[in-house]
Each structure stands twice: as structure tokens, then as C-alpha cells.
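Novice: Numbering (our numbering), first residue to last: 111 to 612. Just so you know, even glycine gets a beta-carbon here, dropped at the ideal spot from N, CA and C.
1) Any idea what DSSP makes of residue 517, helix, strand or coil?
2) May I ask which residues mark the beginning and end of the beta strand (DSSP E) holding residue 198?
3) Grab me the residues of residue 300's own chain with a C-beta within less than 8 Å of its C-beta, minus the 5 sequence neighbours each way, in chain order.
4) Where residue 349 and residue 327 are concerned, what is the direct C-alpha to C-alpha distance, given to the nearest angstrom?
5) Of the residues 206, 352 and 229, which one's Cα is nearest the Cα of residue 290?
6) Straight-line CA distance for residue 538 to residue 200?
7) Specify, as a first and last residue, the run of the beta strand (DSSP E) that residue 489 falls within.
8) Using 8 Å as the cut-off, can you tell me whether the region 256-264 makes contact with the region 225-233, which would need three or more C-beta pairs spanning the two stretches below that distance?
9) Between which two residues does the beta strand (DSSP E) carrying residue 479 extend?
10) Is the region 474-484 touching the region 549-568, taking contact as three or more C-beta pairs under 8 Å?
11) Check whether the Cβ atoms of residue 395 and residue 372 sit closer than 8 Å, and answer yes or no.
12) What does the Cβ neighbour count give for residue 67, buried or exposed, with the cut at 16 atoms within 10 Å?
13) Determine, using beta carbons only, whether residue 321 and residue 354 come nearer to each other than 8 Å.
14) Can you tell me whether residue 577 is buried or exposed? The criterion is at least 16 other CB atoms within 10 Å of its CB, across all chains shown.
15) From the DSSP output, in three-state form, read off residue 537 for me.
16) So the candidates are 302, 216 and 376; which of them puts its Cα closest to the Cα of residue 361?
17) Could you give the C-beta distance for residue 203 and residue 212, rounded to a whole number, given that I count them as a contact under 8 Å?
18) Can you tell me the Cα-Cα spacing of residue 384 and residue 458, whole angstroms?
19) From the DSSP output, in three-state form, read off residue 419 for me.
20) Tell me the residue span of the beta strand (DSSP E) that contains residue 433.
21) By the three-class DSSP mapping on this structure, what secondary structure does residue 447 have?
22) Which residue marks the beginning of the beta strand (DSSP E) containing residue 367, and which one marks its end?
23) If you count every other CB in all the chains shown that lies within 10 Å of the CB of residue 179, and 16 or more means buried, which is it?
24) How big is the Cα-Cα spacing for residue 463 and residue 231?
25) Whose C-alpha, out of 421, 452, 269 and 470, is nearest the C-alpha of residue 461?
26) If contacts are defined as beta-carbon pairs under 8 Å, then residue 434 and residue 479 qualify, I think. What distance do you get, rounded to the angstrom?
27) Below 8 Å on the Cβ atoms is my guess for residue 379 versus residue 311; work out the distance and round it to an integer in Å.
28) Report the three-state DSSP secondary structure of residue 355 (helix, strand or coil).
29) Can the beta-carbon of residue 352 be found closer than 8 Å to that of residue 418?
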């Protein structure tokens, strides 16, 4: 790494209309020492008579006479490696060292390496520890999942790898070592005879207590169409599972074909039926029109291991990527947000309601992130938008208030040095306390302009009583001899009979 020229610069930028400030060395405090939230003027909603959630866009939300929650102005991290700038596309935030502080990992677009930014005791993210793999000229993609893959209760990262000769399909790991620094491990080899692995989501598929990796497996070859049920010249949809051994190793992928007129566009892992196990959620695009219509489906984790056949959650006319989850109306049930603006609220029977739309300045808002940014115990939403081609994009921050998403305040992007850049995938955003001040912050991957950080300020740490859901559940009894009882004894199961909670 000595040969690499590293420029570690935090750039504090002002809002729209101003050029970027000169680069400076990292500091523990933003130049905005008065803790004034960044906001901008209100804009009009764009959906007219369509149901909107919330109904209007507005300026910054105030909380009585106390300072409002908000974000400091953007600060920017950039680094040159060799002759070019590092292009950042995928990031994630978690505690990857086991010290209780939130760290950041990045998977660059232009270099086959995983980078770990460790948060120091003073809250500063240290320059990255770089773990290279494969060849420099082979693009690895931007897939990355976080989970505990070696059973030490510390978060690890799994990502696709490619060999120096260009063979793809491997699984690389940034693996935690309890009491030590994380290490790189090749969890599944590149170019293996068992087939290429794919990474889309992580969950315990077979019920053995170890995390597995699931990827999309869409095949577009004529000889496959009779076996998978798709018409000729179209995709044979499916998914693959690489089973983990709990020590950082993964099996050759096992493929499961799906006989349906869709192909798998995106995968996510979430417990949607509240049985205590993680299910596989699939954003499916129509084979005849993959850019405009599709369905959201879920393959429930079976009590004895394995996944059930996918069932439909709802249809949508919008592009179903990405899909994120969170309780957006304060009822204790996780809802979905797809395409950056389409909200479906979950009911107690597990069904999802009709589409509600975040009011936006454009019909093409970008990927959203759901997290509790203001610290009040409720989930908030941030998405990226722009009002027209060639205009400076902005972030819309929708804080949850009174069991709904309030009209957002806006944060204008700075004048980026290299190019207009708004990523449209979930891994472009990461949330967590990245400076140790107790407030959640937002990190955004902005390509050749590096990583943008927005520090949360004036957050609260109030304890908000959660809804009483006890009437929806009972404790599952142990199975009697000769009778199979779904799920594990002692687990909670939602009670719904004829659509009425019991």
C-alpha cells in the first residue's frame, strides 16, 4: 500500500449554488459549529390526485422551541489510488470489530478490494484498511451483505470476488476475529467447478443456525425454457443458495428454479410473517416488460428448514428495486418501500395495503433508506431526488410524526467535483452513528466524488412506548408425539383467523 497515494480529505460543503470548498485535513467537528440543520425551500408535490404519503413537501420540521433535528452540511471523503480516483458505489455500516462503535465498509467500483474504515474512540473514522483480491481490471459488481458468518456475534461482510484471470463467482469475506482485527477470507473460490455463486441476501435457509447466501439465478438460454416454464428467448427465473458452515466457508450454489412469468430482479431478507425466522423477499419483474411492472413476493422459511414456494404480496406498476423495510406508521408492523417512493403498509393479518406515494419533485426518485435518524424510536425515510435533468439533486428527509411520515425537509447536494451522480441501489446509502456523538448519521456513495457524510444533530434519545401487540400472538406449545407442530416450541406466532386477530 506504500505505493498508493492516499488523499484523506474531509470537505465541508455549503448548500446549492456554491462550489465545493477547498480540501482540508479531517477534523473532529464540522465547520458548522452552531449545529444548524441543513434545509432548503419547499417544493410542490408532483402526483396531483394520486394518493400521497405525506400529501405535501414542506420546509424543515420544527419541534417546539427546541432546536430541530437535522444534518450538518456534507463533508466529503475522496482518495486517489494509483493514477485514478477510487469510485465508490457500495457501502455498509455496522460494528465490524466488536468494540461497540459503528464502522464503515466500502466496495469500490474500480478496484477489486474491500475497504474498512474503523471508528476510533474519539469518533473519527480512520483511513481505510484495504483488503485486495483478484485482478485490477475485472469488475466485481456492487453486491455486499452483512451478517455474522462465523458465529462470534460480530458483523462480517460477504461480497462477490473475481480472480486475477477473470474467473468470477467467488465469495469473499471480511471476517471478524474476536479480540483481533478483521481478516480477508475466500469463502468460496472463483471459477469453481461447482458453479458461480451469486450474492443478493443472507439468511438461515436450512435452519441449522448458520447464515447462508442467496443470489438471483436467471438463465436466458433456449434449452432451459421447457424445464423452467418460461417461453423461449426469455428468462428462466430462479435463485441459488450457498450454504454456510458457520466458520466462513460456503458450499457450491444449489439452484432452485421458479416456474412463473417473472424473473428475479432483487432479493432481500426479512421476517415478514413474524414467526421469528427470516424469509426471502423477491422483487420480480414481468418477463414481457421488465422495466415497468412486477410483483413483490416472499418465500417463507419453513419450520424444518428450506423455503416455501413464493407467494405474492402485491403487484406494482413501478420498478421494484430497491425494496426496503421499516415500520413507517408506528403500529409495530414492518411496511415496504419500493422504488424509492412507493409505500405499502402491512396489516395485522400479514397482508399489504394499496400503494401510497411519497410526494416527490420527480417521477423518478432514487433509492431510499429507512432508519431512526432523529432518535425518537420511530423509523424515518430519506431518498434522493432531482427536479429536472441537469439540476442539482437533493435529499428529502421524511421524519415520522404522529404515526405517519411528515412532509420532508430538503438537503441540497453540493456542486460535486467530477459529475452529476445519484446512485439507484440500496448499498449507496448507510446509516449509523459514524462519529460517536449519539446521533445517527448518513453516508452516501457518490462515485468518483467519494463518500459524502451528513452528521445528524439535535437528535433525541427518548423512550417511546411501542404498540401493545400481545393480543396478536400466543406462545407455541411443544409438539405432541406423532404430531408435527410448525415452528419451534416457545416461539411466538401471529394469530389470525378469517382476517381477524384472535
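Specialist: Quick answer:
1) The DSSP-derived three-state label of residue 517 is coil.
2) Note, residue 198: beta strand (DSSP E), 198-204.
3) These residues qualify, in order along the chain: 244, 271, 272, 273, 277, 278, 279 and 280.
4) Just so you know, the alpha carbons of residue 349 and residue 327 end up roughly 5 Å apart.
5) Per the C-alpha coordinates, the member of 206, 352 and 229 positioned closest to residue 290 is 206.
6) Computed Cα separation, rounded: 5 Å.
7) First-last for residue 489: undefined, no H or E at that position.
8) The region 256-264 is not in contact with the region 225-233.
9) Here the beta strand (DSSP E) through residue 479 covers 478-481.
10) With the cut-off at 8 Å, the region 474-484 and the region 549-568 touch.
11) Their beta carbons are under 8 Å apart, which means residue 395 touches residue 372 by this criterion.
12) Only positions 111 to 612 of the chain appear in this structure, which leaves residue 67 out of reach.
13) Less than 8 Å separates the beta-carbon of residue 321 from that of residue 354.
14) For residue 577, the predicted structure reports a pLDDT of 49, less than 50, and the residue's modelled location is therefore unreliable. A value from the coordinates is still provided. Exposed.
15) Helix at residue 537.
16) Comparing C-alpha distances from residue 361 to each of 302, 216 and 376 shows the shortest one belongs to 302.
17) Taking the Cβ atoms as the reference, residue 203 lies roughly 5 Å from residue 212, within the contact range of under 8 Å.
18) Using only the alpha carbons, I get a separation of about 10 Å.
19) The answer is coil: DSSP assigns residue 419 none of H, G, I, E or B.
20) Secondary structure note for residue 433: its beta strand (DSSP E) is the uninterrupted segment 433-436.
21) It is a strand residue.
22) Residues 364-367.
23) Classification of residue 179: buried, given that the 10 Å Cβ count is 16 or more.
24) Looking at the two C-alpha atoms, the distance is approximately 45 Å.
25) Nearest of 421, 452, 269 and 470 to residue 461, Cα basis: 421.
26) About 7 Å; that satisfies the 8 Å criterion.
27) About 4 Å separates the two Cβ atoms, so the contact holds.
28) Of the three classes helix, strand and coil, the one that applies to residue 355 here is coil, per DSSP.
29) At the C-beta level, residue 352 and residue 418 stay beyond 8 Å of one another.
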